[in-house]
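K.L.:
First the structure, which I've put down as structure tokens, then a few questions once you've had a look.
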Amino acid sequence: GQLGWTADEVDSQLEALLKYGAQLAQQLEFADAAQMSESEMVRVFQYYLPVFMWAVQQLMLHTAEYVQQGQEPPVPPIVIGISAPQGCGKTTLVEQLVGLFKFAGLNAVAVSVDDFYLTHGEQQAVAAAHPDNKLLQLRGNAGSHDLELGAQVVRDLKACHAKGGRVKLPRYNKSAFGGLGDRHTEDRWEEVEGPVDVVLLEGWMLGFEPVPEAVAADIDPGLPVVNSFLPRYNEEWDAMVDSWIVVRVADPNCVFKWRLQAEHQMRSQGKDGMTDEQVADFVSRFMPAYEAYLPKLYKQGPPFADPCRVLEVDINEQRVPQLQVEAYSA
2 GQLGWTADEV
12 DSQLEALLKY
22 GAQLAQQLEF
32 ADAAQMSESE
42 MVRVFQYYLP
52 VFMWAVQQLM
62 LHTAEYVQQG
72 QEPPVPPIVI
82 GISAPQGCGK
92 TTLVEQLVGL
102 FKFAGLNAVA
112 VSVDDFYLTH
122 GEQQAVAAAH
132 PDNKLLQLRG
142 NAGSHDLELG
152 AQVVRDLKAC
162 HAKGGRVKLP
172 RYNKSAFGGL
182 GDRHTEDRWE
192 EVEGPVDVVL
202 LEGWMLGFEP
212 VPEAVAADID
222 PGLPVVNSFL
232 PRYNEEWDAM
242 VDSWIVVRVA
252 DPNCVFKWRL
262 QAEHQMRSQG
272 KDGMTDEQVA
282 DFVSRFMPAY
292 EAYLPKLYKQ
302 GPPFADPCRV
312 LEVDINEQRV
322 PQLQVEAYSA
């Protein structure tokens with residue numbers, strides 16, 4: 002489906018919208034919830050809030066289907082996959098969803114595929130096995146994740162539907178080894194407590210499906226190897242997703258601009274940041290995957306997905322949703 006409101010939906014849910022809108026303003030630390038700026042209003046009422054309300058509807062559908070199948074309670078959590086390009090604001094979106102679910106009395110757990118990267122030693126082995134493949138020298142592309150670890154964590158969360166259940170979530174340290182990264186030792190992992198109601202699984206390459214090898218090779222000589230890893234991602238990760246949020250961009254080159262902005266901001270704050278040349282090199286390792294896999298994801302949706310369980314959010318270069326909203330008048 003598309004993001005947006007109809008006049009009837011606004012009318013019937015006005016009280017809830019205002020309540021959750023005020024909560025969002027507080028979470029986002031806006032100075033005055035009653036007098037938000039236009040850009041703040043857009044973020045709250047045309048982006049985060051409608052996404053949350055859609056997610057609540059999906060949870061209700063998920064629960065109803067479970068009951069209709071004659072299953073015994075408690076209901077396992079719904080897994081909502083969030084596929085969104087790097088730098089588009091998905092971390093902020095996920096944080097707001099977690100906060101809103103908590104405000105509603107529900108326990109949502111956010112999981113990033115970034116935390117399932119291989120250990121430093123394992124990634125070095127991948128790079129050594131493919132010395133001429135630029136796309137596999139650093140973490141990021143398919144082939145640089147521990148698929149079984151990720152699948153096990155999601156399975157454990159799906160089973161954590163009773164009070165007292167506990168699951169440890171891996172954490173990845175991107176600054177280790179001079180920025181090459183490494184998985185934190187298990188004592189640094191985060192522990193979550195059940196019951197879990199919602200699992201938000203987010204990543205820049207979730208839902209990517211392989212293309213014909215010749216197509217991959219035409220895009221980048223290193224892409225066929227990356228392409229060959231994708232079926233396992235589809236089978237082990239994507240197949241566990243119940244509902245999807247796909248954040249779409251008209252031009253993937255926005256990723257470079259967004260990363261550049263982030264690094265400039267870090268440097269202006271006195272923190273270590275990449276030079277413009279380093280940013281260009283870093284992002285260039287992901288662009289072949291965007292070119293190869295976004296068209297199918299945007300046209301057909303994620304693998305195994307029911308079209309009724311997919312929300313598509315189109316954002317522009319300013320990370321603002323492009324909506325087709327029915328006009329509402331009081």
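The sequence shown begins at 2 in this note's numbering and counts up by one.
Glycine residues also receive a C-beta, built at the ideal position from the N, C-alpha and C atoms.
Computed from a prediction, not measured in an experiment: that's the story for all the values here.
(1) Across which residues does DSSP place Trp55 in a beta bridge pair?
(2) My guess is that Ile79 and Val199 are in contact by the Cβ rule of under 8 angstroms, so how many angstroms apart are they, rounded?
(3) Please name the residue in Ala218, Arg140, Gly165, Val193 whose C-alpha comes closest to that of Trp205.
(4) May I ask you to report which of helix, strand or coil DSSP gives Leu107?
(5) Please return the same chain residues whose Cβ sits closer than 6 angstroms to the Cβ of Trp259, not counting the five positions on each side in sequence.
(6) For Gln262, count neighbouring Cβ atoms within 10 angstroms of its own Cβ and tell me buried if that reaches 16, exposed if not.
(7) Quick check on Val362: does DSSP put it in helix, strand or coil?
(8) Where does Asn142 land, buried or exposed, given buried means 16+ other C-beta within 10 angstroms?
(9) For the beta strand (DSSP E) containing Lys169, list its first residue and its last residue.
(10) When DSSP labels each residue in this structure, what does Ser285 get in the three-state scheme?
(11) What ranges does the beta strand (DSSP E) occupy inside the segment 186-222, keeping only unbroken runs of at least 3 residues that lie completely in it?
(12) In or out: Pro77 buried (at least 16 other Cβ within 10 Å) or exposed?
(13) Once DSSP output is grouped into helix, strand and coil, what is the label at Arg320?
(14) Could you tell me which residues DSSP pairs with Asp315 in its beta bridges?
(15) Ordered along the chain, which non-local residues of its own chain (more than five positions away) have a Cβ less than 6 angstroms from that of Val311?
(16) Could you give the distance in angstroms between the alpha-carbon of Ala126 and the alpha-carbon of Glu191?
(17) Kindly list the residues whose CB is nearer than 7 angstroms to the CB of Ala128, restricted to its own chain and excluding five residues on each side of it in sequence; keep chain order.
(18) Looking at C-alpha atoms only, which residue of Met241, Glu318, Leu119 is the closest neighbour of Gly208?
(19) Take Ile83 as the anchor and find which of Gly106, Val52, Gln69 has the nearest alpha-carbon.
(20) Can you say whether Gly180 is buried or exposed, counting buried as having 16 or more other CB atoms within 10 angstroms of its CB?
P.N.:
If we stick to the structure as given:
(1) Your numbering for residue 55 matches position 54 in the sequence shown. Under DSSP, no beta-bridge partner is assigned to Trp55.
(2) Mapped onto the sequence shown, residue 79 falls at position 78. Mapped onto the sequence shown, residue 199 falls at position 198. Contact holds; Cβ gap of about 6 angstroms.
(3) Translated into positions along the sequence shown, residue 205 becomes position 204. Put simply, of Ala218, Arg140, Gly165, Val193 the residue whose alpha carbon is nearest the alpha carbon of Trp205 is Arg140.
(4) Position 106 of the sequence shown, counted from the start, is the residue given in the question as residue 107. DSSP places Leu107 in the coil class of the three-state scheme, outside both helix and strand.
(5) Working through the sequence shown from its first residue, we reach residue 259 at position 258. The answer, listed in chain order, is Gly88.
(6) For the purposes of this step, residue 262 is identified with residue 261 of the sequence shown, where counting begins at 1. The C-beta of Gln262 has fewer than 16 other C-beta atoms within 10 Å across all chains shown, which makes the residue exposed.
(7) Outside the displayed range of the chain (2 to 331) lies residue 362, so it cannot be described from this structure.
(8) For the purposes of this step, residue 142 is taken as residue 141 along the sequence shown, with counting starting at 1. Under this definition Asn142 is a buried residue.
(9) For the purposes of this step, residue 169 is taken as residue 168 along the sequence shown, with counting starting at 1. Run containing Lys169: 167-170, per the beta strand (DSSP E) assignment.
(10) One-based indexing of the sequence shown puts residue 285 at position 284. Three-state result, Ser285: helix.
(11) Counting only runs of 3 or more residues that sit fully inside the segment 186-222, the beta strand (DSSP E) segments are 191-194, 199-204, in chain order.
(12) For the purposes of this step, residue 77 is taken as residue 76 along the sequence shown, with counting starting at 1. Per the 10 Å Cβ criterion, buried.
(13) In the sequence shown, counting from the first residue as 1, residue 320 sits at position 319. Coil.
(14) Within the sequence shown, residue 315 is the residue found at index 314, counting from 1. DSSP links Asp315 through a beta bridge to Arg249.
(15) Numbered from its first residue, the sequence shown carries residue 311 at position 310. Taken in chain order, the residues that qualify are Trp245, Gly302.
(16) Taking the sequence shown and counting its residues from 1, one reaches residue 126 at position 125. Taking the sequence shown and counting its residues from 1, one reaches residue 191 at position 190. Taking the straight line joining both Cα atoms gives about 27 angstroms.
(17) On the sequence shown, position 127 is the one that residue 128 refers to. So the list reads Leu137, Gln138, once near-sequence residues are dropped.
(18) Position 207 of the sequence shown holds residue 208. Selected option, being the one with the closest Cα: Met241.
(19) Residue numbering aside, residue 83 sits at position 82 when the sequence shown is read from its first letter. By alpha-carbon distance to Ile83, the top candidate from Gly106, Val52, Gln69 is Val52.
(20) Against the sequence shown, residue 180 aligns to sequence position 179. Exposed is the call here.
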